[in-house]
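Heads up, the sequence shown is in this note's numbering, so the first residue is 44 and it goes up one at a time.
Glycine residues also receive a C-beta, built at the ideal position from the N, C-alpha and C atoms.
This structure is a prediction, so every number in the text was calculated from the model and none was measured.
Data first, discussion second: the structure below is written as structure tokens.
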Amino acid sequence: MNFSTIRQESILEVEGYLHERRLQAAAFSVVCVLSALFALAALSRLPEFAAAQASGKVLATLLFGLLVFVCVLDNVRTHVLLWKWLQVIKRQKK
Numbered sequence: 044m045n046f047s048t049i050r051q052e053s054i055l056e057v058e059g060y061l062h063e064r065r066l067q068a069a070a071f072s073v074v075c076v077l078s079a080l081f082a083l084a085a086l087s088r089l090p091e092f093a094a095a096q097a098s099g100k101v102l103a104t105l106l107f108g109l110l111v112f113v114c115v116l117d118n119v120r121t122h123v124l125l126w127k128w129l130q131v132i133k134r135q136k137k
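Below is the structure:
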């Protein structure tokens, strides 16, 4: 994207928009991790989970952990991309 033709007011609007998106991504990261912890705690209380074999418990926990890990990685990628766009905008403001 070429920012050379964008007015100063537009750059400020885009910068504000990107800051909002970064805050939303950060909030989603926190919600994702907390939800994962609550779900894992609830899973450990289920009688079926308690009666399962140890290998099944480990597999279920690993799969759930992988899902959370992918969610967090996606949010980290979002933070990095938004940060890069903010750096481009800051250079254009100079």
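Asked: Every unbroken beta strand (DSSP E) inside the stretch 70–128 [3 residues or more]; Found: none
Asked: Buried or exposed (CB count within 10 angstroms, at least 16 for buried), L125; Found: buried
Asked: Beta-carbon proximity check, F112 vs L83, cutoff 8 Å; Found: no
Asked: Euclidean distance between Cα positions of A139 and V131; Found: Any answer about residue 139 is impossible in this case: the structure gives the chain only from 44 up to 137.
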